[in-house]
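**Student:** Numbering (my numbering), first residue to last: 293 to 360.
Cβ atoms here follow ideal geometry from the backbone N, Cα and C, with glycine treated the same way.
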Amino acid sequence: MTLIPTIDEGACSAHGDCVAIAPGAFALEETAVVIGEATDEELIAAAEACPALAITLTDADTGQVVFP
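(1) Just how far apart, CA to CA, sit Leu-335 and Glu-301?
(2) Looking only at its own chain, which residues have a Cβ that is under 6 Å from the Cβ of Pro-343, when we skip the five neighbours before and after it?
(3) Using 8 Å as the threshold, is the C-beta distance between Thr-323 and Cys-304 below it?
(4) Out of Gly-328, Val-326, Asp-332, state which residue places its alpha-carbon closest to the alpha-carbon of Met-293.
(5) Quick check on the burial criterion: 16 or more other C-beta atoms within 10 angstroms. Buried or exposed for Pro-360?
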């Protein structure tokens with residue numbers, strides 16, 4: 293499966309957990325932003341660690357939301 297991350301900038305509180313877990317995929321500006329790629333495992337760990345639940349992961353093949 294290939295996951296596509298998106299961030300709800302309105303929900304993001306810029307804790308930075310996603311950047312710590314998947315620095316290739318996320319960066320902090322005013323909020324977290326998607327900047328590149330990471331493994332599915334890193335993306336899942338980052339999404340699960342987000343205290344604001346601001347990260348949505350979508351299966352690129354099916355379009356189905358797999359997290360949250």
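**Tutor:** Per the coordinate set shown:
(1) 17 Å
(2) His-307
(3) yes
(4) Asp-332
(5) exposed
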